[in-house]
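What follows is one structure encoded as structure tokens, with my remarks underneath.
Structure representation (structure tokens):
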């Protein structure tokens, strides 16, 4: 069941990149993120609103830490991801997203004062060429001239936001857990996202309420917003974080499988080559390092 939960979560996240691409031209990126979380909040509040109210004093005590976590996870991550989807392929989005463990490892050095293990450093070095292949669109000329795709760089920023959230969550070690924490973060994230939504609304206007857009929001609310978090947390609680991290490799696989028939995207040789570097690097990064036997 734990394995099924982790597979379900990564399938939902792979589909999130597809949804971002499908929304292009129909729903502006900030509006997509804002209304996705508003609807998710309404559902979460039905089940966890009482718990949030009961723990309001604890929530107020940790308001600064919670606001930071909400900004990087709810306000920033998906909004920047949907901005990225305006100008890059869903496969690129998913591949770059798999660099999360490496970014989290690097951020852990200054934030948690945790030095990476040897295999983690080696894994990071191996994964870098894969990311450069994506950024340069497989062109050495683009790489030498530092010409990178805007959408790809935005996705790096989005992944950095989620890595920051991951590291800060461990750093703060808040006494608020589970659905209560998620509901609180979504509430704060929606409040911080609201000014950006108004700004986008004043420039781009709203969007049409069509059957396809309604279906898009239903998917985003039920699967990447709710089911994925519940399934992932369950899988991590049973198998542990290190084993669960290996399932992140499935995100680009699911994204590619969905993108080819749904978006008519093509899987190019640069995607395969980049995947080899990234997957090898991530495998080393998340591989448990054997402890040396004590000298006798």
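Residue numbers (the numbering used here): 1 to 296. For each residue, glycine too, the CB sits at the ideal point set by N, CA and C. Source: prediction; values computed, not measured.
Would you mind working out which of the options sits nearest residue i, comparing C-alpha positions?
i           : options            : result
residue 249 : 150, 102, 20       : 102
residue 164 : 60, 100, 200       : 100
residue 185 : 156, 123, 44       : 44
residue 195 : 82, 244, 71, 20    : 71
residue 35  : 149, 222, 10       : 222
residue 53  : 187, 275, 173      : 187
residue 179 : 46, 20, 24         : 46
residue 30  : 205, 258, 215, 276 : 205
residue 127 : 112, 97, 113       : 97
residue 93  : 232, 158, 237      : 158
Report buried or exposed for residue i, applying the criterion of at least 16 other Cβ atoms within 10 angstroms of its Cβ.
i           : result
residue 50  : exposed
residue 268 : exposed
residue 78  : buried
residue 211 : exposed
residue 12  : buried
residue 175 : exposed
residue 105 : buried
residue 218 : exposed
residue 256 : buried
residue 264 : exposed
residue 247 : buried
residue 297 : Absent from the structure is residue 297, since the part of the chain shown begins at 1 and ends at 296.
residue 66  : buried
residue 232 : buried
residue 1   : exposed
residue 130 : buried
Identify whether residue i lies in helix, strand or coil by the three-state DSSP scheme.
i           : result
residue 174 : coil
residue 117 : coil
residue 62  : coil
residue 164 : helix
residue 158 : helix
residue 194 : helix
residue 139 : coil
residue 266 : coil
residue 207 : coil
residue 26  : coil
residue 130 : helix
residue 124 : helix
residue 149 : coil
Which residues mark the beginning and the end of the alpha helix (DSSP H) in which residue i is found?
i           : result
residue 217 : 211–220
residue 347 : In the structure displayed, the chain extends from 1 to 296; residue 347 sits before or after that span and is not available.
residue 33  : 29–54
residue 314 : Given that the chain is displayed from residue 1 to residue 296, the structure contains no residue 314 and the question cannot be resolved.
residue 254 : 250–262
residue 301 : Beyond the ends of the chain as shown, which are 1 and 296, falls residue 301; an answer cannot be given.
residue 97  : 90–97
residue 109 : 100–112
Does any heavy atom of the ligand PLP sit closer than 7 Å to the C-beta of residue i?
i          : result
residue 69 : The model on display carries no ligand, and the ligand PLP is accordingly not part of it.
Could you check how far apart the C-beta atoms of residue i and residue j are, in whole angstroms? I think they sit under 8 Å.
i           : j           : result
residue 6   : residue 244 : 6 Å
residue 149 : residue 87  : 7 Å
residue 309 : residue 259 : With the chain covering 1 to 296 only, the question about residue 309 has no answer from this structure.
residue 154 : residue 80  : 6 Å
residue 37  : residue 193 : 7 Å
Less than 8 Å between CB atoms is the rule here; does residue i satisfy it with respect to chain D?
i           : result
residue 279 : Protein chains in the displayed structure number just one, and chain D is not present.
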